[in-house]
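K.L.:
Heads up, the sequence shown is in this note's numbering, so the first residue is 1353 and it goes up one at a time.
Even glycine gets a Cβ: it sits at the ideal position worked out from N, Cα and C.
Since this is a predicted model, take the numbers as computed values, not measurements.
Once you've had a glance at the structure underneath, I'll fire off some questions.
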Amino acid sequence: MNIHQNKVRALGLCSGGLDSILAALLLKQQGIDVAWITFETPFFSSDKAVSASEMVHIPLTILDITEPYLKMLKNPPCGYGQNMNPCMDCHAMMFRMAGDVMKERGMQFLFSGEVLGQRPMSQTRSSLKYVEKHSGYKGYIVRPLSARLLDETVAEAEGLICRERMLGLSGRSRKPQMELAREWGVTRYPAPGGGCLLTDPGYSRRLKDLFDHQSVYTGNELYLLKYGRHIRLSDEVKIIVGRTRQDNDNILNHYDATRDILLKARLIPGPVVLVSGRPNPALIHRTAEISAGYCKAAVDTWVDIEVVAPGCTNVLRVMGKRPEAADMI
Ligand code: SF4
């Protein structure tokens, strides 16, 4: 027998933040059977949603949407925010995918912790409407924290939930949410924002450079945009220089031995340098000079740089040279 037969079931988009948690708890208090869904790409992870799910015991589904997300990200119909963040189309895509799961599982509506007017671009009344329209689930998205200020949804019209028992929050203040959290014993939750690399100016610059120079790219290349200094040597060749031991480890973890080239100073501490693209011998030499320029050798001394390419390893003896400022991405 299906235990959910008579229960109203709703699927929430979960960022893992306090607003997601409160929205779910508000519905739970009305007897709704709530579950969450969250999404993964190289730009944002499910970590916070997983913690929230463990804390408040709401089951969570994690979907990797990298492939369709990349297609949208190259040309988002509504454009980008301040950096490479296509927030409106990102939300519309997430609701569309969540809606498909809702339908598959026979659930009755979607919900999120969005608060009207909390974010200047993506949470205005017209943005919320854009997202609804382009998600394909118009009328099926409940925003319990602001519901009393928004149009009636299908779930309210059908009497599945009570509008009066939801909230009418708006604006940027987080005080009411923090008070509710205290009242309901929600003690651990992450600070708002900060989880999306597409809002980071440095990451966005490197991503745009990748889009401008390559039509296809691997997941590794997207992850590598997070680490080290990125230096463009030609339209086809870019190098990544580790800045810290952590960067070096991350570069090694995402390095593809079948196509990338790695450089590292011999016997002297220095960065791992990864070459991506098809460099000619002159660019390999230039990369070796840059590797030497960032290692701990004294100025004007010869440095042996090991060059590991697919199927062969060489050593080049060079003097250090820093890259041109204009080549830094
Ligand atoms: S901040 Fe990132 S994850 Fe959030 S809506 Fe914008 S693009 Fe999507």
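Is any non-hydrogen atom of the ligand SF4 found closer than 7 Å to the C-beta of residue 1394, if you look at the structure I gave you?
P.N.:
Reading the sequence shown from its first residue, position 42 is the one you call residue 1394. It does not: the Cβ of residue 1394 is nowhere closer than 7 Å to a heavy atom of the ligand SF4.
K.L.:
CB of residue 1427 to nearest heavy atom of the ligand SF4: below 7 Å?
P.N.:
Translated into the one-based positions of the sequence shown, residue 1427 becomes position 75. Result no, Cβ not under 7 Å from the ligand SF4.
K.L.:
First and last residue of the beta strand (DSSP E) that includes residue 1681?
P.N.:
As a first step, residue 1681 is located in the sequence shown; it is residue number 329 there, counting from the start. Where residue 1681 is concerned, there is no enclosing beta strand (DSSP E), given that its DSSP letter is neither H nor E.
K.L.:
Would you check if the distance between the CB atom of residue 1559 and the CB atom of residue 1576 is smaller than 8 Å?
P.N.:
Residue 1559 sits at position 207 when you count from the first residue of the sequence shown. Residue 1576 sits at position 224 when you count from the first residue of the sequence shown. No, Cβ-Cβ distance for residue 1559 and residue 1576 is not below 8 Å.
K.L.:
How would you write the range of the beta strand (DSSP E) that residue 1590 sits in, first residue to last?
P.N.:
What you label residue 1590 is simply residue 238 of the sequence shown in a count that begins at 1. That run of the beta strand (DSSP E) goes 1590-1593.
K.L.:
From which residue to which residue does the beta strand (DSSP E) around residue 1616 run?
P.N.:
Walking along the sequence shown from the start, residue 1616 turns up at place 264. First-last of the beta strand (DSSP E) with residue 1616: 1613-1617.
K.L.:
Report the CB separation of residue 1379 from residue 1362 in whole angstroms; it is logged as a contact under 8 Å.
P.N.:
The residue you call residue 1379 lines up with position 27 of the sequence shown. The residue you call residue 1362 lines up with position 10 of the sequence shown. The pair is a contact, with the Cβ atoms about 6 Å apart (cut-off 8 Å).
K.L.:
Quick one: give me the first and last residue of the beta strand (DSSP E) that residue 1650 is part of.
P.N.:
Counted from its first residue, the sequence shown places residue 1650 at position 298. Counting along the chain, residue 1650 falls outside any beta strand (DSSP E), and DSSP gives it neither H nor E.
K.L.:
Could you spell out the range, first to last residue, of the beta strand (DSSP E) harbouring residue 1409?
P.N.:
Position 57 of the sequence shown holds residue 1409. Taken as a continuous stretch (DSSP letters only), residue 1409 belongs to no beta strand (DSSP E), as it is neither H nor E.
K.L.:
Is the beta carbon of residue 1692 less than 8 Å from the beta carbon of residue 1447?
P.N.:
With the chain represented from 1353 up to 1681, any question about residue 1692 goes unanswered, as that position is not in the structure.
K.L.:
Report the rounded CA-to-CA distance for residue 1517 versus residue 1502, giving the unit in angstroms.
P.N.:
Position 165 of the sequence shown, counted from the start, is the residue given in the question as residue 1517. Position 150 of the sequence shown, counted from the start, is the residue given in the question as residue 1502. Near 14 Å, if we compare the C-alpha coordinates of residue 1502 and residue 1517.
K.L.:
Among the residues of its own chain, which have a CB less than 6 Å from the CB of residue 1421, if the five just before and after it don't count?
P.N.:
Locating residue 1421 in the sequence shown gives position 69, counting from the first residue. Excluding residues within five positions, the ones whose Cβ falls inside 6 Å are 1393.
K.L.:
Inspect the beta-carbon positions of residue 1628 and residue 1676 and report whether they are closer than 8 Å.
P.N.:
Numbered from its first residue, the sequence shown carries residue 1628 at position 276. Numbered from its first residue, the sequence shown carries residue 1676 at position 324. Contact: no.
K.L.:
Can you tell me whether DSSP reads residue 1368 as helix, strand or coil?
P.N.:
The residue given as residue 1368 occupies position 16 in the sequence shown. Of the three classes helix, strand and coil, the one that applies to residue 1368 here is coil, per DSSP.
K.L.:
I'd like to check one pair, residue 1622 with residue 1603: are the Cβ atoms closer than 8 Å?
P.N.:
The sequence position of residue 1603 within the sequence shown is 251, counting from 1. The sequence position of residue 1622 within the sequence shown is 270, counting from 1. Not in contact: residue 1603 and residue 1622 (Cβ atoms no closer than 8 Å).
K.L.:
Compare the C-alpha of residue 1609 against each of 1663, 1640 and 1382 and name the closest.
P.N.:
To locate residue 1609, count along the sequence shown from 1; it is residue 257. Taking only the C-alpha atoms, the option nearest residue 1609 is 1663.
K.L.:
At a cut-off of 7 Å, would you count residue 1486 as near the ligand SF4, judging by its Cβ distance to the nearest heavy atom?
P.N.:
Residue mapping note: residue 1486 aligns to position 134 of the sequence shown, counting from 1. Residue 1486 Cβ: outside cutoff for every heavy atom of the ligand SF4.
K.L.:
Any idea which residues DSSP pairs residue 1583 with across the strands?
P.N.:
For the purposes of this step, residue 1583 is identified with residue 231 of the sequence shown, where counting begins at 1. In the DSSP output, where bridge partners are listed per residue, residue 1583 has 1591 and 1680.
K.L.:
Could you please give the first and the last residue of the uninterrupted beta strand (DSSP E) stretch that includes residue 1389?
P.N.:
As a working mapping, residue 1389 is identified with position 37 in the sequence shown. That run of the beta strand (DSSP E) goes 1385-1392.
K.L.:
Distance check for residue 1674 and residue 1410, CA to CA, integer angstroms please.
P.N.:
As a working mapping, residue 1410 is identified with position 58 in the sequence shown. As a working mapping, residue 1674 is identified with position 322 in the sequence shown. Rounded to the nearest angstrom, the two C-alpha atoms are 52 Å apart.
K.L.:
Residue range of the alpha helix (DSSP H) that residue 1447 falls in?
P.N.:
Counting from 1 along the sequence shown, the entry for residue 1447 is found at position 95. Residues 1439-1456.
K.L.:
Which of the three DSSP states, helix, strand or coil, is assigned to residue 1463?
P.N.:
Start at 1 with the first residue of the sequence shown, and residue 1463 comes out as number 111. The answer is strand: DSSP assigns residue 1463 an E or B state.
K.L.:
Between the beta-carbon of residue 1492 and the beta-carbon of residue 1476, is there less than 8 Å?
P.N.:
What you label residue 1492 is simply residue 140 of the sequence shown in a count that begins at 1. What you label residue 1476 is simply residue 124 of the sequence shown in a count that begins at 1. No, the pair does not count as a contact, with Cβ atoms beyond the cut-off.
K.L.:
Once you ignore the five residues that flank residue 1666 on each side, which residues in its own chain have a CB closer than 6 Å to its CB?
P.N.:
Start at 1 with the first residue of the sequence shown, and residue 1666 comes out as number 314. Contacts found: 1659.
K.L.:
Can you tell me the Cα-Cα spacing of residue 1366 and residue 1389, whole angstroms?
P.N.:
Counting from 1 along the sequence shown, the entry for residue 1366 is found at position 14. Counting from 1 along the sequence shown, the entry for residue 1389 is found at position 37. Between residue 1366 and residue 1389, the C-alpha separation is close to 6 Å.
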